[in-house]
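Here the sequence shown is numbered in our numbering, starting from 171 and rising by one per residue.
One structure is given here, and the rest of the page talks about it.
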Amino acid sequence: MRDLLSRVPLFNELPLYDLDPIARGTSEISAMRGEIIFRRGDPCVGFHVVVYGQVKLLFVSNSGVERVVRLIGPGDGFGEALMFMGKNYIVTAEALRDTLLLHVGRDALFDQLNRNPCVARKMLAGLSRRLYSLMGDVEAYTLHTGAQRLITYLLREWEGKVGQPFRIEISKAVIASRLNLTPEHFSRTLRDLSDQGLIRVRGREYTILDPEGLKGYKG
């Protein structure tokens, strides 16, 4: 457990002996694809870190419509802010693929925060980065078109090799929800980009054919 924690960005600068108390309050959680890790309204008594796999955080309306607010990958954490505030979860977390998580217990962590200001500083930095990213999302939703949001997402996932296919393992419906697009708008934009010869799409496999043209696409 201590070795796993030492790979987490939040803790990777701490000496191993400082991780022992945190490790004793940490547990492993294995979640199969589609499994709910927690639901909105459940008590938050720690925070999670993804070791491998992927998790989506989502709101679910009364009619059952999902709105994905964040996708969590290896090394990334979630739940820290609610843990500090003593609030219940405001979203539901679901595994998008088979996933291993660490759940860092609040009591053990708080005790170490009192002993080691370095941990507190790193947690503040992590929360600040999260807030900065959130503000970027707000800017994108308000100032950028749906096509621009999709293009930004594809270029971020792309490995930089023109004409080389790459896979995005999550479904198009999840990507659309994360980008605040309807499935119809998402599919129409993919089709338009393909018709322009900018990308090629085959199932979950994408190919960037003209990155400069893609960056300059106005929709």
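We put the CB at the ideal spot given by N, CA and C, even for glycine.
Remember, it's a predicted structure, so these values are computed and weren't measured experimentally.
A direct Cα-Cα distance of roughly 22 angstroms separates glycine 256 from tyrosine 302. When secondary structure is reduced to three states using DSSP, serine 200 falls in the strand class. If you keep only unbroken alpha helix (DSSP H) runs of at least 4 residues inside the region 255 to 295, you get 276 to 285.
Threonine 359 sits in a helix when the DSSP states are folded into three classes.
Within its own chain, the residues whose Cβ lies closer than 6 angstroms to the Cβ of valine 219, once the five positions on either side in sequence are excluded, are Val178, Gly247, Leu272, listed in chain order. Our two residues, glycine 275 and proline 191, have alpha carbons roughly 10 angstroms apart in a direct line. Going by beta carbons, glycine 333 and threonine 377 fall inside the 8 angstroms limit.
For the set Asp277, Ala317, Pro185, the Cα lying nearest the Cα of phenylalanine 356 is the one of Ala317. Per DSSP, the continuous alpha helix (DSSP H) segment holding glutamate 382 begins and ends at 381 to 385. Per DSSP, the unbroken beta strand (DSSP E) holding threonine 377 starts and ends at 375 to 378. Each of Gly243, Val230, Ile207, Arg237 was checked against the Cα of glycine 223, and the nearest Cα belongs to Gly243. Under the DSSP assignment, arginine 194 falls in the alpha helix (DSSP H) whose first and last residues are 186 to 194. Under the DSSP assignment, glycine 316 falls outside any beta strand (DSSP E), being part of the alpha helix (DSSP H) whose first and last residues are 316 to 327. Contact between the region 282 to 292 and the region 208 to 218 is absent: fewer than three C-beta pairs spanning the two stretches fall below 8 angstroms. Between the alpha carbons of leucine 379 and glycine 367 lies a distance of about 7 angstroms.
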